[in-house]
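Take any residue in the sequence shown, count from 1 to its spot, add 240: that is its number in this note's numbering.
Using N, Cα and C, we set each Cβ at its ideal position, and we do this for glycine too.
Since we're looking at a predicted model, the values are computed, not measured.
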Amino acid sequence: MSGRAKILLLSGAALSGLALACTASAQQARGLRTGTPSYIAQQPAQPERPTVSAEPAPEAIRDPAALVQGQGRAVSNRQPPRASAPVQGSAVRGVTQRQFRAPQPPVATLPPPAPPPPPPPRKRQPEEDPYAALGVRLGSVILRPSVTNSIGYDTNPQRSTGAEAKGSAFGRYEGELEVQSDWRIHELKGKLRGAYLDYFRNPEASRPEGEGNLDLRLDMTRDTRVLLESRMRLDTQRPGSPDLSANVVGRPLTWQYGGSAGVSHDFNRLQLTLRGSVDRYDYEDAKLSSGAILSQKDRNMTQYGLRLRAGYEVSPGFRPFIQGEIDQREFDQKVDSSGYERSSNGISAVIGSSFEISRQLTGEVSGGYQNRNYEDPRLKNLRGFVGDAAVIWAPTPLTTVTLRGTAELGDTTIAGSSGTTNRRLSLEIAHALRRNLTVTGFTGFGRTDYEGQGLREDYMNVGARVEYKLTRTFAIRASFTHERLNSTAPGADYTANVSLVGLRVQF
241 MSGRAKILLL SGAALSGLAL ACTASAQQAR GLRTGTPSYI AQQPAQPERP TVSAEPAPEA
301 IRDPAALVQG QGRAVSNRQP PRASAPVQGS AVRGVTQRQF RAPQPPVATL PPPAPPPPPP
361 PRKRQPEEDP YAALGVRLGS VILRPSVTNS IGYDTNPQRS TGAEAKGSAF GRYEGELEVQ
421 SDWRIHELKG KLRGAYLDYF RNPEASRPEG EGNLDLRLDM TRDTRVLLES RMRLDTQRPG
481 SPDLSANVVG RPLTWQYGGS AGVSHDFNRL QLTLRGSVDR YDYEDAKLSS GAILSQKDRN
541 MTQYGLRLRA GYEVSPGFRP FIQGEIDQRE FDQKVDSSGY ERSSNGISAV IGSSFEISRQ
601 LTGEVSGGYQ NRNYEDPRLK NLRGFVGDAA VIWAPTPLTT VTLRGTAELG DTTIAGSSGT
661 TNRRLSLEIA HALRRNLTVT GFTGFGRTDY EGQGLREDYM NVGARVEYKL TRTFAIRASF
721 THERLNSTAP GADYTANVSL VGLRVQF
(Lines of atoms letter the chains of each structure in order from A and count residues from 1; the text may use other names and numbers.)
(Lines give C-alpha, C1' and ligand atoms only; values in the text may rest on other atoms or scores of the structure.)
Protein backbone atom coordinates (compact mmCIF):
# COMPACT_ATOMS: atom_id res chain seq x y z
CA MET A 1 0.00 0.00 0.00
CA SER A 2 1.38 3.31 -0.95
CA GLY A 3 1.82 6.21 1.45
CA ARG A 4 -1.04 8.27 -0.08
CA ALA A 5 -3.47 5.39 0.51
CA LYS A 6 -2.42 5.13 4.16
CA ILE A 7 -3.02 8.79 4.73
CA LEU A 8 -6.50 8.50 3.27
CA LEU A 9 -7.33 5.51 5.45
CA LEU A 10 -6.13 7.31 8.58
CA SER A 11 -8.20 10.36 7.68
CA GLY A 12 -11.33 8.27 7.20
CA ALA A 13 -10.80 6.54 10.52
CA ALA A 14 -10.41 9.89 12.28
CA LEU A 15 -13.62 11.22 10.74
CA SER A 16 -15.44 8.05 11.79
CA GLY A 17 -14.27 8.44 15.40
CA LEU A 18 -15.29 12.06 15.52
CA ALA A 19 -18.76 11.18 14.22
CA LEU A 20 -19.12 8.43 16.83
CA ALA A 21 -18.12 10.85 19.62
CA CYS A 22 -20.70 13.40 18.48
CA THR A 23 -23.38 10.75 18.33
CA ALA A 24 -22.59 9.59 21.84
CA SER A 25 -22.70 13.11 23.19
CA ALA A 26 -26.11 13.72 21.55
CA GLN A 27 -27.55 10.52 22.93
CA GLN A 28 -26.24 11.35 26.39
CA ALA A 29 -27.90 14.78 26.24
CA ARG A 30 -31.14 13.20 25.02
CA GLY A 31 -31.04 10.80 27.86
CA LEU A 32 -30.80 13.65 30.32
CA ARG A 33 -33.95 15.25 28.84
CA THR A 34 -35.98 12.07 28.54
CA GLY A 35 -34.89 10.44 31.74
CA THR A 36 -32.88 7.69 30.03
CA PRO A 37 -30.01 6.36 32.19
CA SER A 38 -26.63 7.69 31.25
CA TYR A 39 -25.05 4.29 30.97
CA ILE A 40 -27.54 3.41 28.20
CA ALA A 41 -26.98 6.67 26.39
CA GLN A 42 -23.25 6.18 26.52
CA GLN A 43 -23.38 2.83 24.56
CA PRO A 44 -22.71 3.76 20.99
CA ALA A 45 -24.35 1.95 18.16
CA GLN A 46 -21.84 -0.31 16.41
CA PRO A 47 -21.79 0.61 12.78
CA GLU A 48 -21.15 -1.96 10.15
CA ARG A 49 -17.50 -1.95 9.26
CA PRO A 50 -16.93 -1.92 5.58
CA THR A 51 -14.72 -4.54 4.04
CA VAL A 52 -11.63 -2.95 2.64
CA SER A 53 -9.82 -4.85 0.01
CA ALA A 54 -6.10 -5.19 0.32
CA GLU A 55 -5.47 -3.81 -3.10
CA PRO A 56 -7.62 -0.86 -4.14
CA ALA A 57 -8.76 -0.48 -7.67
CA PRO A 58 -6.71 1.72 -9.83
CA GLU A 59 -9.66 4.21 -10.12
CA ALA A 60 -9.70 4.64 -6.29
CA ILE A 61 -6.07 5.49 -6.32
CA ARG A 62 -6.62 8.12 -8.94
CA ASP A 63 -9.82 9.46 -7.10
CA PRO A 64 -9.33 9.80 -3.30
CA ALA A 65 -13.11 10.31 -2.72
CA ALA A 66 -13.82 6.86 -4.03
CA LEU A 67 -11.98 5.36 -1.06
CA VAL A 68 -14.71 6.43 1.39
CA GLN A 69 -17.84 6.23 -0.78
CA GLY A 70 -18.50 2.66 0.08
CA GLN A 71 -17.99 3.10 3.83
CA GLY A 72 -20.93 3.21 6.33
CA ARG A 73 -22.18 6.60 7.73
CA ALA A 74 -21.04 7.75 11.15
CA VAL A 75 -24.48 9.30 11.98
CA SER A 76 -27.41 6.88 11.95
CA ASN A 77 -30.49 7.68 9.84
CA ARG A 78 -32.83 5.97 12.29
CA GLN A 79 -35.26 8.12 14.37
CA PRO A 80 -34.15 8.31 18.01
CA PRO A 81 -36.44 6.63 20.50
CA ARG A 82 -39.42 8.77 21.80
CA ALA A 83 -38.52 11.50 19.32
CA SER A 84 -42.20 12.11 18.48
CA ALA A 85 -43.48 11.95 22.09
CA PRO A 86 -44.19 15.33 23.74
CA VAL A 87 -42.05 16.41 26.60
CA GLN A 88 -43.87 15.73 29.86
CA GLY A 89 -43.88 18.59 32.32
CA SER A 90 -43.53 16.21 35.27
CA ALA A 91 -40.51 14.55 33.69
CA VAL A 92 -38.56 17.77 33.38
CA ARG A 93 -37.52 19.54 36.54
CA GLY A 94 -36.48 23.19 36.60
CA VAL A 95 -37.94 23.85 33.13
CA THR A 96 -41.40 25.47 32.59
CA GLN A 97 -43.41 25.78 29.44
CA ARG A 98 -44.60 29.16 28.19
CA GLN A 99 -48.29 29.85 28.61
CA PHE A 100 -50.19 29.38 25.40
CA ARG A 101 -52.14 32.50 24.30
CA ALA A 102 -54.86 32.35 21.70
CA PRO A 103 -54.33 34.69 18.78
CA GLN A 104 -56.11 38.05 19.06
CA PRO A 105 -59.06 38.46 16.68
CA PRO A 106 -58.48 40.93 13.89
CA VAL A 107 -59.85 44.46 14.47
CA ALA A 108 -62.51 45.22 11.90
CA THR A 109 -63.62 48.66 13.19
CA LEU A 110 -62.30 51.12 15.74
CA PRO A 111 -64.11 51.11 19.10
CA PRO A 112 -66.42 54.10 19.71
CA PRO A 113 -64.75 56.99 21.53
CA ALA A 114 -65.34 57.22 25.23
CA PRO A 115 -67.97 59.84 26.18
CA PRO A 116 -66.51 63.06 27.61
CA PRO A 117 -66.66 63.39 31.38
CA PRO A 118 -69.63 65.40 32.66
CA PRO A 119 -68.85 69.05 33.41
CA PRO A 120 -68.32 69.90 37.04
CA PRO A 121 -71.42 71.28 38.76
CA ARG A 122 -71.64 75.07 38.53
CA LYS A 123 -71.31 76.88 41.80
CA ARG A 124 -74.39 78.81 42.73
CA GLN A 125 -73.63 82.50 42.87
CA PRO A 126 -74.67 84.09 46.15
CA GLU A 127 -77.37 86.73 45.90
CA GLU A 128 -76.29 90.33 46.31
CA ASP A 129 -79.14 90.98 48.76
CA PRO A 130 -81.01 87.89 49.98
CA TYR A 131 -83.49 90.15 51.78
CA ALA A 132 -84.41 92.28 48.75
CA ALA A 133 -88.01 92.29 47.58
CA LEU A 134 -88.74 89.95 44.66
CA GLY A 135 -91.41 92.22 43.21
CA VAL A 136 -94.57 91.48 41.28
CA ARG A 137 -94.19 90.78 37.56
CA LEU A 138 -96.76 92.42 35.33
CA GLY A 139 -95.91 91.18 31.86
CA SER A 140 -92.38 92.38 31.18
CA VAL A 141 -92.49 95.03 33.93
CA ILE A 142 -91.54 94.37 37.55
CA LEU A 143 -93.40 96.25 40.28
CA ARG A 144 -92.06 96.49 43.84
CA PRO A 145 -94.75 97.88 46.13
CA SER A 146 -94.23 98.48 49.84
CA VAL A 147 -96.14 99.90 52.80
CA THR A 148 -94.65 101.34 55.99
CA ASN A 149 -96.63 102.18 59.11
CA SER A 150 -94.80 104.02 61.85
CA ILE A 151 -95.49 105.77 65.11
CA GLY A 152 -93.36 108.47 66.68
CA TYR A 153 -93.08 111.72 68.57
CA ASP A 154 -92.31 115.23 67.28
CA THR A 155 -91.36 117.97 69.74
CA ASN A 156 -92.35 120.76 67.30
CA PRO A 157 -94.83 119.71 64.59
CA GLN A 158 -95.48 123.26 63.33
CA ARG A 159 -91.80 124.27 63.44
CA SER A 160 -92.74 127.22 65.62
CA THR A 161 -90.40 129.31 67.70
CA GLY A 162 -89.92 129.31 71.49
CA ALA A 163 -92.92 128.75 73.72
CA GLU A 164 -95.26 128.23 70.76
CA ALA A 165 -93.75 124.77 70.14
CA LYS A 166 -96.05 121.99 71.33
CA GLY A 167 -95.02 118.36 70.97
CA SER A 168 -97.29 115.59 69.78
CA ALA A 169 -97.27 111.90 69.02
CA PHE A 170 -98.04 111.09 65.43
CA GLY A 171 -98.52 108.27 62.98
CA ARG A 172 -96.85 108.12 59.61
CA TYR A 173 -98.44 106.03 56.84
CA GLU A 174 -96.31 105.62 53.74
CA GLY A 175 -96.72 103.80 50.47
CA GLU A 176 -94.04 103.27 47.82
CA LEU A 177 -93.93 101.77 44.34
CA GLU A 178 -90.87 101.04 42.21
CA VAL A 179 -91.15 100.26 38.51
CA GLN A 180 -88.48 98.52 36.43
CA SER A 181 -88.84 97.08 32.94
CA ASP A 182 -87.33 93.77 31.83
CA TRP A 183 -86.94 94.49 28.12
CA ARG A 184 -84.18 93.53 25.71
CA ILE A 185 -84.15 97.08 24.36
CA HIS A 186 -85.67 100.29 25.72
CA GLU A 187 -86.09 100.86 29.46
CA LEU A 188 -88.84 102.04 31.79
CA LYS A 189 -88.04 102.86 35.39
CA GLY A 190 -89.48 105.01 38.11
CA LYS A 191 -90.34 105.45 41.76
CA LEU A 192 -93.41 106.91 43.46
CA ARG A 193 -93.66 107.61 47.19
CA GLY A 194 -96.50 109.13 49.20
CA ALA A 195 -96.96 109.62 52.94
CA TYR A 196 -99.34 111.20 55.41
CA LEU A 197 -98.40 112.43 58.89
CA ASP A 198 -101.25 112.44 61.38
CA TYR A 199 -100.51 114.36 64.61
CA PHE A 200 -102.77 113.20 67.40
CA ARG A 201 -102.59 116.31 69.66
CA ASN A 202 -102.16 118.91 66.91
CA PRO A 203 -104.40 118.10 63.91
CA GLU A 204 -103.52 121.41 62.22
CA ALA A 205 -99.96 120.14 61.75
CA SER A 206 -101.10 116.99 59.94
CA ARG A 207 -99.91 117.05 56.35
CA PRO A 208 -99.19 114.89 53.28
CA GLU A 209 -95.93 114.64 51.38
CA GLY A 210 -94.75 112.77 48.33
CA GLU A 211 -92.51 112.67 45.28
CA GLY A 212 -92.02 110.54 42.22
CA ASN A 213 -90.57 110.18 38.75
CA LEU A 214 -91.07 107.94 35.74
CA ASP A 215 -88.51 107.75 32.92
CA LEU A 216 -88.74 106.03 29.53
CA ARG A 217 -85.82 105.43 27.18
CA LEU A 218 -86.52 104.38 23.59
CA ASP A 219 -83.54 102.97 21.65
CA MET A 220 -84.30 104.03 18.10
CA THR A 221 -80.92 102.92 16.70
CA ARG A 222 -77.63 101.81 18.13
CA ASP A 223 -76.54 105.44 18.57
CA THR A 224 -79.85 107.29 18.91
CA ARG A 225 -82.14 107.34 21.96
CA VAL A 226 -85.35 109.19 22.76
CA LEU A 227 -85.63 110.26 26.43
CA LEU A 228 -89.02 110.90 28.08
CA GLU A 229 -89.27 111.95 31.73
CA SER A 230 -92.04 112.88 34.17
CA ARG A 231 -91.75 114.10 37.77
CA MET A 232 -93.82 115.40 40.66
CA ARG A 233 -93.36 116.64 44.20
CA LEU A 234 -95.87 117.39 46.96
CA ASP A 235 -94.81 119.43 49.99
CA THR A 236 -96.11 121.93 52.51
CA GLN A 237 -95.07 125.37 53.74
CA ARG A 238 -94.22 125.94 57.36
CA PRO A 239 -96.20 128.71 59.05
CA GLY A 240 -93.13 130.89 59.67
CA SER A 241 -91.95 130.97 56.04
CA PRO A 242 -90.87 134.48 54.85
CA ASP A 243 -93.05 134.05 51.73
CA LEU A 244 -96.17 133.98 53.94
CA SER A 245 -96.93 137.57 54.83
CA ALA A 246 -99.09 136.65 57.85
CA ASN A 247 -99.47 133.93 60.46
CA VAL A 248 -101.42 131.06 58.97
CA VAL A 249 -103.19 128.02 60.38
CA GLY A 250 -102.01 124.66 59.19
CA ARG A 251 -99.54 124.04 56.40
CA PRO A 252 -100.52 125.13 52.86
CA LEU A 253 -99.76 122.63 50.09
CA THR A 254 -97.30 123.18 47.24
CA TRP A 255 -97.32 121.18 44.02
CA GLN A 256 -94.53 120.81 41.51
CA TYR A 257 -94.97 118.59 38.45
CA GLY A 258 -93.70 118.48 34.91
CA GLY A 259 -91.97 116.51 32.21
CA SER A 260 -89.31 116.63 29.55
CA ALA A 261 -88.58 115.09 26.19
CA GLY A 262 -85.29 114.86 24.38
CA VAL A 263 -83.06 112.97 22.02
CA SER A 264 -79.48 111.78 22.48
CA HIS A 265 -77.12 110.73 19.69
CA ASP A 266 -73.57 109.34 19.78
CA PHE A 267 -71.01 110.44 17.21
CA ASN A 268 -68.35 107.90 18.06
CA ARG A 269 -67.13 109.19 21.46
CA LEU A 270 -69.01 112.49 21.23
CA GLN A 271 -72.54 112.47 22.68
CA LEU A 272 -75.05 115.26 22.04
CA THR A 273 -78.30 115.57 24.00
CA LEU A 274 -81.07 118.07 23.31
CA ARG A 275 -83.91 118.24 25.82
CA GLY A 276 -86.97 120.44 26.29
CA SER A 277 -88.90 120.64 29.57
CA VAL A 278 -92.08 122.06 31.07
CA ASP A 279 -92.62 122.42 34.85
CA ARG A 280 -95.60 123.71 36.75
CA TYR A 281 -95.66 125.24 40.29
CA ASP A 282 -98.95 125.62 42.19
CA TYR A 283 -99.49 127.03 45.71
CA GLU A 284 -102.54 126.43 47.85
CA ASP A 285 -104.27 129.38 49.46
CA ALA A 286 -103.50 129.73 53.18
CA LYS A 287 -105.97 130.15 56.02
CA LEU A 288 -105.26 132.88 58.55
CA SER A 289 -105.90 132.57 62.27
CA SER A 290 -108.72 135.13 61.87
CA GLY A 291 -110.47 132.83 59.42
CA ALA A 292 -109.61 134.90 56.35
CA ILE A 293 -108.02 133.38 53.23
CA LEU A 294 -104.60 134.43 52.03
CA SER A 295 -104.41 133.99 48.28
CA GLN A 296 -101.17 132.66 46.79
CA LYS A 297 -102.29 132.60 43.18
CA ASP A 298 -99.70 135.23 42.35
CA ARG A 299 -97.03 132.58 42.99
CA ASN A 300 -98.39 130.07 40.50
CA MET A 301 -96.20 129.89 37.41
CA THR A 302 -94.97 127.70 34.53
CA GLN A 303 -91.33 127.28 33.50
CA TYR A 304 -90.18 126.32 29.99
CA GLY A 305 -86.62 125.23 29.34
CA LEU A 306 -84.33 124.05 26.56
CA ARG A 307 -81.01 122.35 27.31
CA LEU A 308 -78.13 121.22 25.10
CA ARG A 309 -75.33 119.04 26.43
CA ALA A 310 -72.18 117.84 24.67
CA GLY A 311 -70.12 115.12 26.34
CA TYR A 312 -66.94 113.37 25.22
CA GLU A 313 -65.94 109.92 26.47
CA VAL A 314 -62.26 110.21 27.32
CA SER A 315 -62.34 106.70 28.83
CA PRO A 316 -65.13 104.24 29.71
CA GLY A 317 -65.28 105.69 33.23
CA PHE A 318 -64.73 109.38 32.50
CA ARG A 319 -67.02 111.58 30.39
CA PRO A 320 -66.62 115.38 30.76
CA PHE A 321 -69.38 117.58 29.35
CA ILE A 322 -70.43 121.15 28.76
CA GLN A 323 -74.04 122.25 29.01
CA GLY A 324 -76.04 125.34 28.07
CA GLU A 325 -79.63 126.11 29.02
CA ILE A 326 -82.20 128.82 28.49
CA ASP A 327 -85.52 129.05 30.34
CA GLN A 328 -88.59 131.27 30.66
CA ARG A 329 -90.72 131.61 33.83
CA GLU A 330 -94.28 132.81 33.21
CA PHE A 331 -96.45 133.74 36.21
CA ASP A 332 -100.20 133.33 35.98
CA GLN A 333 -100.68 136.87 37.28
CA LYS A 334 -98.61 139.47 35.54
CA VAL A 335 -98.29 141.51 38.75
CA ASP A 336 -97.98 139.95 42.21
CA SER A 337 -99.53 141.11 45.48
CA SER A 338 -96.65 143.57 46.01
CA GLY A 339 -97.03 145.14 42.56
CA TYR A 340 -93.97 143.52 40.90
CA GLU A 341 -93.81 141.75 37.57
CA ARG A 342 -92.12 138.47 38.46
CA SER A 343 -91.85 136.81 35.05
CA SER A 344 -88.22 136.35 33.95
CA ASN A 345 -85.88 134.56 31.58
CA GLY A 346 -82.56 132.99 32.38
CA ILE A 347 -79.46 131.68 30.70
CA SER A 348 -76.85 129.38 32.22
CA ALA A 349 -73.67 127.57 31.28
CA VAL A 350 -72.33 124.56 33.15
CA ILE A 351 -69.31 122.29 32.87
CA GLY A 352 -68.90 118.99 34.64
CA SER A 353 -68.19 115.31 34.30
CA SER A 354 -69.61 111.91 35.07
CA PHE A 355 -67.06 109.40 36.33
CA GLU A 356 -66.64 105.85 37.52
CA ILE A 357 -63.33 105.18 39.23
CA SER A 358 -63.51 101.38 39.55
CA ARG A 359 -66.75 100.37 41.26
CA GLN A 360 -65.90 102.11 44.50
CA LEU A 361 -66.33 105.72 43.40
CA THR A 362 -69.02 106.85 40.94
CA GLY A 363 -71.03 109.98 40.38
CA GLU A 364 -71.47 113.24 38.51
CA VAL A 365 -70.34 116.75 39.41
CA SER A 366 -71.17 119.98 37.57
CA GLY A 367 -70.98 123.69 38.21
CA GLY A 368 -71.60 126.91 36.32
CA TYR A 369 -73.14 130.34 36.27
CA GLN A 370 -76.70 131.61 35.71
CA ASN A 371 -78.14 135.05 34.99
CA ARG A 372 -81.87 135.89 35.39
CA ASN A 373 -83.44 138.99 33.86
CA TYR A 374 -86.85 140.19 35.19
CA GLU A 375 -89.57 142.05 33.35
CA ASP A 376 -89.92 144.56 36.15
CA PRO A 377 -87.05 147.07 35.84
CA ARG A 378 -87.11 147.61 39.62
CA LEU A 379 -85.84 144.07 40.15
CA LYS A 380 -82.13 143.64 39.61
CA ASN A 381 -80.79 140.72 37.64
CA LEU A 382 -80.21 137.67 39.78
CA ARG A 383 -76.83 136.12 39.18
CA GLY A 384 -75.02 133.31 40.91
CA PHE A 385 -73.44 129.89 40.98
CA VAL A 386 -75.55 126.88 39.96
CA GLY A 387 -74.63 123.24 39.96
CA ASP A 388 -75.32 119.68 41.07
CA ALA A 389 -73.27 116.93 42.67
CA ALA A 390 -73.98 113.28 43.41
CA VAL A 391 -71.07 111.11 44.53
CA ILE A 392 -71.27 107.53 45.83
CA TRP A 393 -68.20 106.02 47.49
CA ALA A 394 -68.02 102.42 48.73
CA PRO A 395 -64.74 102.07 50.68
CA THR A 396 -65.71 98.54 51.77
CA PRO A 397 -68.40 96.09 50.65
CA LEU A 398 -70.30 96.90 53.85
CA THR A 399 -70.01 100.70 53.87
CA THR A 400 -71.49 103.27 51.48
CA VAL A 401 -70.93 107.01 51.60
CA THR A 402 -73.30 109.27 49.62
CA LEU A 403 -72.69 112.98 49.06
CA ARG A 404 -75.24 115.21 47.34
CA GLY A 405 -75.35 118.92 46.72
CA THR A 406 -77.36 121.48 44.73
CA ALA A 407 -77.12 125.20 43.99
CA GLU A 408 -79.96 127.05 42.24
CA LEU A 409 -81.70 130.39 41.90
CA GLY A 410 -85.33 130.59 43.05
CA ASP A 411 -88.26 132.99 43.21
CA THR A 412 -89.92 134.86 46.04
CA THR A 413 -92.82 137.25 46.61
CA ILE A 414 -91.04 139.42 49.19
CA ALA A 415 -91.30 143.03 48.09
CA GLY A 416 -88.06 144.41 46.67
CA SER A 417 -86.29 141.03 46.44
CA SER A 418 -85.37 139.64 43.03
CA GLY A 419 -85.21 136.04 44.19
CA THR A 420 -83.32 133.54 46.31
CA THR A 421 -80.03 131.68 46.08
CA ASN A 422 -80.39 128.20 47.54
CA ARG A 423 -77.55 125.90 48.60
CA ARG A 424 -78.08 122.34 49.83
CA LEU A 425 -75.54 119.74 50.96
CA SER A 426 -76.17 116.30 52.50
CA LEU A 427 -73.93 113.47 53.65
CA GLU A 428 -75.04 109.93 54.43
CA ILE A 429 -72.97 106.99 55.69
CA ALA A 430 -74.55 103.53 55.73
CA HIS A 431 -72.86 100.48 57.25
CA ALA A 432 -74.17 96.90 57.27
CA LEU A 433 -73.46 95.31 60.63
CA ARG A 434 -75.04 92.15 59.27
CA ARG A 435 -76.60 91.25 55.97
CA ASN A 436 -80.01 92.18 57.37
CA LEU A 437 -78.99 94.94 59.80
CA THR A 438 -77.97 98.37 58.51
CA VAL A 439 -77.12 101.49 60.48
CA THR A 440 -77.15 104.86 58.69
CA GLY A 441 -75.94 108.23 59.91
CA PHE A 442 -76.84 111.40 58.04
CA THR A 443 -76.47 115.14 58.21
CA GLY A 444 -77.50 118.04 56.01
CA PHE A 445 -77.00 121.78 55.68
CA GLY A 446 -78.88 124.37 53.66
CA ARG A 447 -78.73 128.14 53.22
CA THR A 448 -81.27 130.45 51.59
CA ASP A 449 -80.42 134.09 50.85
CA TYR A 450 -83.12 136.59 49.84
CA GLU A 451 -81.38 139.00 47.51
CA GLY A 452 -81.84 142.69 48.24
CA GLN A 453 -83.34 142.15 51.72
CA GLY A 454 -80.44 140.93 53.82
CA LEU A 455 -82.53 137.99 54.93
CA ARG A 456 -80.87 134.62 55.39
CA GLU A 457 -81.94 131.26 56.75
CA ASP A 458 -79.58 128.43 57.74
CA TYR A 459 -81.04 124.95 58.12
CA MET A 460 -79.25 121.98 59.67
CA ASN A 461 -80.24 118.43 60.52
CA VAL A 462 -78.45 115.39 61.90
CA GLY A 463 -79.70 111.93 62.76
CA ALA A 464 -79.48 108.17 62.45
CA ARG A 465 -81.57 105.31 61.06
CA VAL A 466 -81.61 101.58 61.78
CA GLU A 467 -83.20 98.95 59.55
CA TYR A 468 -83.52 95.31 60.58
CA LYS A 469 -84.84 92.99 57.86
CA LEU A 470 -86.69 90.02 59.27
CA THR A 471 -87.46 88.41 55.91
CA ARG A 472 -87.82 89.51 52.31
CA THR A 473 -91.26 90.83 53.24
CA PHE A 474 -90.95 92.35 56.72
CA ALA A 475 -88.49 94.87 58.11
CA ILE A 476 -88.34 97.03 61.23
CA ARG A 477 -87.21 100.65 60.91
CA ALA A 478 -86.32 103.24 63.54
CA SER A 479 -84.91 106.75 63.26
CA PHE A 480 -84.07 109.89 65.18
CA THR A 481 -83.62 113.37 63.65
CA HIS A 482 -82.60 116.68 65.15
CA GLU A 483 -83.53 119.81 63.15
CA ARG A 484 -82.54 123.41 63.66
CA LEU A 485 -83.21 126.65 61.78
CA ASN A 486 -81.38 129.93 62.37
CA SER A 487 -82.82 133.00 60.64
CA THR A 488 -81.92 136.69 60.58
CA ALA A 489 -85.65 137.45 60.83
CA PRO A 490 -86.71 137.86 64.46
CA GLY A 491 -88.86 135.08 65.91
CA ALA A 492 -88.25 132.64 63.05
CA ASP A 493 -85.75 130.24 64.68
CA TYR A 494 -86.90 126.81 65.74
CA THR A 495 -85.65 123.43 67.00
CA ALA A 496 -87.30 120.03 66.63
CA ASN A 497 -86.54 116.43 67.57
CA VAL A 498 -88.34 113.61 65.79
CA SER A 499 -88.34 109.95 66.86
CA LEU A 500 -89.93 107.22 64.76
CA VAL A 501 -90.28 103.43 64.72
CA GLY A 502 -92.31 101.33 62.32
CA LEU A 503 -92.86 98.14 60.33
CA ARG A 504 -92.24 97.92 56.58
CA VAL A 505 -94.00 95.37 54.39
CA GLN A 506 -92.59 94.91 50.90
CA PHE A 507 -93.52 92.57 48.06
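Around the Cβ of residue i, are there at least 16 other Cβ atoms within 10 angstroms (buried) or fewer (exposed)?
{"i": "A305", "result": "Low per-residue confidence applies at A305: pLDDT is 48, beneath 50, and the placement is therefore not dependable enough to give any value."}
{"i": "V745", "result": "exposed"}
{"i": "T653", "result": "buried"}
{"i": "A354", "result": "exposed"}
{"i": "R582", "result": "buried"}
{"i": "T464", "result": "exposed"}
{"i": "A285", "result": "Any reading at A285 must be qualified, since the residue scores a pLDDT of 46, below 50, and its modelled position is unreliable; the value itself is stated next. A285 is exposed by the Cβ-count criterion."}
{"i": "A526", "result": "buried"}
{"i": "P359", "result": "exposed"}
{"i": "P492", "result": "buried"}
{"i": "N396", "result": "buried"}
{"i": "V419", "result": "buried"}
{"i": "G480", "result": "buried"}
{"i": "R289", "result": "Any reading at R289 must be qualified, since the residue scores a pLDDT of 48, below 50, and its modelled position is unreliable; the value itself is stated next. Classification of R289: exposed, given that the 10 Å Cβ count is below 16."}
{"i": "G627", "result": "buried"}
{"i": "R447", "result": "buried"}
{"i": "V518", "result": "exposed"}
{"i": "F558", "result": "exposed"}
{"i": "M541", "result": "buried"}
{"i": "F714", "result": "exposed"}
{"i": "E404", "result": "exposed"}
{"i": "V387", "result": "exposed"}
{"i": "D651", "result": "buried"}
{"i": "G731", "result": "exposed"}
{"i": "A647", "result": "buried"}
{"i": "Y734", "result": "buried"}
{"i": "Y580", "result": "buried"}
Contact defined as beta carbons within less than 8 angstroms: I believe residue i pairs with residue j. What is the distance between those atoms, to the nearest angstrom?
{"i": "A656", "j": "L649", "result": "Per the sequence shown, residue 656 should be read as Gly rather than Ala. That pair is no contact at about 17 angstroms."}
{"i": "S606", "j": "G624", "result": "S606 to G624, Cβ: 15 angstroms. No contact."}
{"i": "F747", "j": "V381", "result": "The pair is not a contact, with the Cβ atoms about 14 angstroms apart (cut-off 8 angstroms)."}
{"i": "Y393", "j": "S739", "result": "5 angstroms"}
{"i": "G430", "j": "L454", "result": "3 angstroms"}
{"i": "G202", "j": "G516", "result": "Any answer about residue 202 is impossible in this case: the structure gives the chain only from 241 up to 747."}
{"i": "L548", "j": "L514", "result": "5 angstroms"}
{"i": "I587", "j": "N621", "result": "Contact doesn't hold; Cβ gap of about 11 angstroms is too wide."}
{"i": "W495", "j": "D538", "result": "Not confirmed; about 16 angstroms, so no contact."}
{"i": "G452", "j": "L432", "result": "4 angstroms"}
{"i": "V488", "j": "L534", "result": "6 angstroms"}
{"i": "S408", "j": "Y439", "result": "5 angstroms"}
{"i": "G694", "j": "T728", "result": "7 angstroms"}
So what does residue i bridge to, in DSSP terms?
{"i": "V575", "result": "According to DSSP, which records beta bridges pairwise, V575 is partnered with nothing at all."}
{"i": "L725", "result": "Y699, Y734"}
{"i": "G627", "result": "G607, A647"}
{"i": "Y614", "result": "S584"}
{"i": "S485", "result": "According to DSSP, which records beta bridges pairwise, S485 is partnered with nothing at all."}
{"i": "G392", "result": "F410, L740"}
{"i": "P448", "result": "Y436"}
{"i": "F714", "result": "V745"}
{"i": "Q568", "result": "Y544, N585"}
{"i": "G592", "result": "F561, S606"}
{"i": "N453", "result": "K431, R471"}
{"i": "L601", "result": "I597, W633"}
{"i": "S719", "result": "R705, L740"}
{"i": "L622", "result": "R612"}
{"i": "P385", "result": "L417"}
{"i": "R377", "result": "I382"}
{"i": "D459", "result": "R465"}
Regarding residue i and the ligand SAM, is the C-beta to nearest heavy atom distance less than 7 angstroms?
{"i": "R377", "result": "What this structure holds is no ligand at all, so the ligand SAM is not there to describe."}
Inset, instruction - Run through the region 493–560 for me and flag every whole beta strand (DSSP E) of 3 or more residues, listed as ranges in chain order. - result: Listed in chain order, they are 493–507, 510–523, 526–528, 541–552.
Legend entry - Complete runs of the alpha helix (DSSP H) confined to the region 635–698 [at least 4 residues]: Within the region 635–698, no complete alpha helix (DSSP H) run reaches 4 residues.
Legend entry - Inter-stretch contact at 8 angstroms, needing at least 3 Cβ pairs: the region 664–681 / the region 635–654: Yes, the region 664–681 touches the region 635–654.
Legend entry - Given 8 angstroms, three or more beta-carbon pairs between the region 369–381 and the region 686–704: Contact fails: fewer than three Cβ-Cβ distances are below 8 angstroms.
Inset, instruction - Output the residue ranges of the beta strand (DSSP E) runs that lie fully inside the region 400–446 and measure 3 residues or longer, sorted by chain position. - result: Under the rule that a run must span 3 or more residues, the beta strand (DSSP E) segments found entirely inside the region 400–446 read 408–421, 427–439.
Legend entry - Sufficient close CB pairs (3 or more, under 8 angstroms) joining the region 504–516 to the region 550–562: Cβ pair count under 8 angstroms is three or more, so yes.
Inset, instruction - May I ask you to verify whether the region 673–686 touches the region 562–574, counting CB pairs closer than 8 angstroms and requiring at least 3? - result: Counting Cβ pairs under 8 angstroms, fewer than three are found: no touch.
Inset, instruction - Determine, using beta-carbon pairs with one atom in the region 687–695 and one in the region 598–617, whether at least three such pairs fall under 8 angstroms. - result: Short answer: they don't touch.
Inset, instruction - Decide if the region 436–447 is in contact with the region 465–473; the criterion is three or more beta carbon pairs, one per stretch, under 8 angstroms apart. - result: Segments in contact, no.
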